[in-house]
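Before any comments, here is the structure.
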Amino acid sequence: MEYNFSAIEQKWQAQWEASKAYQVPNESDKPKYYVLDMFPYPSGAGLHVGHPLGYIASDIFARYKRNRGFNVLHPMGYDAFGLPAEQYAIEHGVHPAVSTAKNIDTFRKQLDKIGFCFDWSREVNTSQPGYYKWTQWIFLQLFNSWYNRQSNKTEPIESLIAFLEKEGNRNHPIPNSGFQFPANVKRETEYGNTFTAEEWASFDEKTRQTILMEYRVSYCGYGEVNWCEALGTVLANDEVVNGVSERGGFPVEKKRLRQWYLRITEYADRLLQGLQTVDFSDAMKEMQSNWIGKSTGAEIDFAIKGSDKKLRVYTTRPDTIFGVDFMVIAPELDLVHEIKGNGQEGAVDEYVAYVKSRSERERMAEKKISGVFTGAYAVNPFDGREIPIWISEYVLAGYGTGAIMAVPCGDERDHKFAQHFNIPITNIIGDAYNGEEANNTKDAKLTNSGFLDGMVMRDAIEVVAARLEEMGIGKRKVNFRMRDAAFSRQRYWGEPFPVKWIDGVAYPLSESELPLELPHVDSYGPGPEGEGPLSNIPEWTSQHLETNTMPGYAGSSWYFLRYMDPHNEGAFCDRKASDYWRQVDLYVGGTEHAVGHLLYSRMWTKALYDLGHISFDEPFKKLLNQGMIQGSSRFVFRINGTNTFVSKGLLDAEGKYEGKLVDKLHVDVNIVDGTELDTEAFKTWKPDYNTAEFILEDGKYICDNEVEKMSKSKFNTVNPDNIVAQYGADTFRMYEMFLGPVEMSKPWETKGIEGVHRFIKKLWRLFVSEEKGLIVTTDAPTAAELKVLHKTIKKIEDDIERFSFNTCVSGFMVCVNELSDLKCHKKAVLEQLLVLLTPFAPHVAEELWHQLGNEGSVLNAPFPKFEAQHVAESTKEYPISVNGKLRTTMNIALDAAQPEVEALVLQNEVVQKWLEGKQPKKVIFVKGKMVNLVV
């Protein structure tokens, strides 16, 4: 009986589905374990072989935990809203609801062929009203909440209103220090944005709502965004490259629009602290810490010469104020146009226009120095020096105050900027710290050259910060690099906001009005003035509904909770279910979501925890980042201006053919065998190549090859359906793991899969003979066979626990080879081997399990128990030397005494040869180490 993988896999996939083998209850006497994959966006291209890498890793671990006796939740769904889906639909002339449904169907069929243990009864789809009803509900929880800095938690907005009615906001300042009260509001309080309880009582409804909006966790404001006219939407910074959209290459400009935001900055400290409680890699923790970017310093107000405006800067080193030689402010700040002058107006406007075309990512990565003098000067509050104010793209409006004081004598970047623009550099910091006379009295002038003499930096910072506060021009400040997250998009395919605008005030819909369903429209072009497509729908705007939609990460910020209770129509997740499953025990996904998705999920979880909806405040206990399976691209060489293609080996050192220029072009890897091109298939691949001619070497056309990102545009994708059809799902699963450590990136090479396929066939032959059928016996295993088995049990268990799946595959290969050499066909050994193999190759394991006569499923079989006595060594291979030179080795019992060792060694033929009939003068025996005969 041959190994018919196709029939076996179809048979067991059908039986597992019919028996609901992978459905799990929300109650069990078993311990729980929650394994989760970052769910996919169902693109039109379908899966390529790189996509399942993480899914296979999580599937192995989920199955392993099941065999270890856990109640394992392993769900799957689709991140179905977002800009890519909308663009795909536009490009293909279909509605995104139609194309998304079709793509999901394709994904599901591909995933099923690979044989994952997903509990499909819990499937979620973020674009379905039954799902996004609860995304909208959570948004309203955030909208109706504020962050109480005193209790350090999210609280209902009613508790804030109670404070404001009783004591004003003196103990709860407005988070946005730049907030401006409406011009018609009369207030007696003069300091900043503080108001009294009496003033709060005097405010009209609109003013109160405007103020409350400044506290809400999800709030509306105005901000600079990356606006893409062609796509009709706002783009995230990482969606903009060199001033154009990453998708489509369309122009992008900065635009000031009304946007929804999440006040994630209020959670910054807790997000940092939470990293100490989760099992993320050090690199991941560092990435998140750097993104949050906590720093401690001071905000300082500088007067501007000839203006009533103030320039507020944030610095972590207020003590360096003595060495400030120029200021740099972000080009997009309104202040730029209020202070520009002295003939610099044109240069400033031109530079601002240039910066508008640049993404923040590009600005931060830019090494070339650029900037423009505004013509204005700030005044140093300590010595009255006039400090020139510049603008430069390396300063971002969203970080700190959008302005820095530049200290060239203490900062390399500032020094290079000063040198580039010939700005005079002082050395006043050195004078301040190293003056000959020290004067540390409270009344001393900070301009005294000895004021900071002898102080360590920490003390100097504290002294200067305190003096700035005394002078009323500065205050201590903790700052974060992270900014509040933009939470709206000017597009159609996304969750509608459950909000109505009445007289400029946003009012939430009631829970009974949810879901606010996305209206079906045939055309969804951008609205006027950058508004979303929903603004073109009279039925929508007549109800004063919000015309923006939520971003792609809205549904993905909480989906792990919905899996726990996916069919509940009365709650986003029953509390009993979330208390049972709690955190995700193992979360598997790519590092591309390291910052955005993970931070937002963590923030939403903390908010839901604070509000009492769940009992944990971190969503994911352990994170495993899988690497990328790269494509092995192939290239052909076309003589420039012709349709003639030259084989790689015929090109000269300069990449030319007989002095002619050659174009290097990607070619579909599926029509290349190794590096040899199928020239006939190439001609039919694209119409342009129908008349292609070839200059061959040794009768073949040899392509070049490179390892690149696997991408449809590079024609280096491999469809897993084809691999499964040719070799089977079990072979595909094991080969993906065999390629290398799961966390590392590695190239795909289809030819390498043959070795794994041969291994499974060899495994099959331990159980089945083509002539005799089942050849398994019930004979008792030998010590050698038990040693092989238990050595393998130990290795597989240890390697799975540390996610070293590639070495597991190697371990299985060694085991099968050794059992084959021992001609082991014994049920007592092979049955346990099948359980070990089940997480990796479940179909062949289930088939052979039943051929052994077992009634239940191998999916539920207990994981084999390692017994150390079977691998304990009873002998030792000793090196045997004569006069200090190694001559042979011998296996000798570990408990052998010296007389017994000497007798055995002297009988050895090799030893006798080197003794040449002589008796040794001395036999040196070091137990467990060596034997040396001295002649």
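Position one of the sequence shown corresponds to residue 1 (UniProt numbering), numbered consecutively onward. Beta carbons are placed, not taken as given, at the ideal position from N, Cα and C, and that holds for glycine.
DSSP places residue 16 within a helical segment (H, G or I) once states are collapsed to three.
Separation of residue 586 and residue 624 (C-alpha to C-alpha, rounded to the nearest whole angstrom) is 7 Å. Exclusion of the five residues before and after residue 399 leaves 481 as the residues of its chain whose Cβ lies within less than 7 Å of its Cβ. As the crow flies, the alpha-carbon of residue 261 is around 15 Å from that of residue 607.
Rounded to whole angstroms, the gap between the alpha carbons of residue 335 and residue 172 is 28 Å. Per DSSP, the unbroken beta strand (DSSP E) holding residue 639 starts and ends at 629 to 639. In the DSSP assignment, residue 405 falls within the unbroken beta strand (DSSP E) covering 403 to 406.
Non-local beta-carbon contacts of residue 811 in its own chain, meaning distances under 8 Å to residues more than five positions away in sequence, involve 792, 795, 796 and 799 in chain order.
The shortest C-alpha to C-alpha distance from residue 274 to any of 836, 673 and 598 is the one to 598. With a 10 Å radius around the Cβ and a threshold of 16 neighbouring Cβ atoms, residue 304 comes out buried. Scanning the region 553 to 630 for uninterrupted beta strand (DSSP E) segments of 3 residues or longer gives 586 to 589 and 623 to 625, listed from N- to C-terminal end.
When secondary structure is reduced to three states using DSSP, residue 807 falls in the helix class. Under DSSP, residue 879 forms a beta bridge with 889. If you draw a straight line from the Cα of residue 263 to the Cα of residue 249, it comes to about 31 Å. For the pair residue 116 and residue 887, the Cα-to-Cα distance works out to about 55 Å. Within the region 226 to 309, the runs of beta strand (DSSP E) that reach at least 3 residues and sit entirely inside it are, in chain order, 233 to 235, 253 to 262 and 294 to 304. By a beta-carbon distance limit of 8 Å, residue 119 does not contact residue 52. Their separation comes to about 18 Å. Excluding residues up to 5 positions away in sequence, 890, 892 and 896 lie with their Cβ nearer than 8 Å to the Cβ of residue 904 in the same chain. Closest by C-alpha distance to residue 869, out of 883, 923 and 788, is 788. Considered as a whole, the region 812 to 863 harbours 827 to 837 and 842 to 851 as its complete alpha helix (DSSP H) runs of no fewer than 4 residues, in chain order. The alpha helix (DSSP H) runs of length 4 or more contained entirely in the UniProt domain "Methionyl/Leucyl tRNA synthetase" (38 to 143) are, from start to end of the chain, 52 to 67, 83 to 92, 96 to 114 and 129 to 143. Taking all protein chains shown into account, residue 136 has 16 or more neighbouring C-beta atoms within 10 Å of its C-beta and is therefore buried. The Cβ neighbour count for residue 502, taken over all protein chains shown within 10 Å, is under 16; the residue is labelled exposed.
The residue from 790, 822, 840 and 821 with its alpha-carbon nearest to that of residue 809 is 840.
Each residue's CA atom was taken as its position, placing residue 478 and residue 465 some 13 Å apart. When C-alpha distances from residue 483 are compared across 176, 348, 324 and 709, the shortest belongs to 176. Within the same chain, and ignoring the five residues on either side of residue 6 in sequence, the residues whose Cβ sits closer than 8 Å to its Cβ are 725 and 728.
Contact check for residue 331 against residue 395 passes: the beta carbons are separated by less than 9 Å.
Judged by DSSP in its simplified three-state form, residue 464 adopts helix. By the CB criterion at 9 Å, residue 935 and residue 918 fall inside the cutoff. A straight line joining the alpha-carbon of residue 494 with that of residue 487 spans about 11 Å. The C-beta distance from residue 297 to residue 314 rounds to 6 Å, short enough to fall under 8 Å.
Using a 10 angstroms sphere on the CB of residue 843, the tally of other CB atoms reaches 16 or more, which defines it as buried. Within the same chain, and ignoring the five residues on either side of residue 33 in sequence, the residues whose Cβ sits closer than 6 Å to its Cβ are 65, 70, 72 and 585. Here the region 103 to 115 does not lie against the region 221 to 240, with fewer than 3 beta-carbon pairs under 8 Å apart. Judged by DSSP in its simplified three-state form, residue 420 adopts helix.
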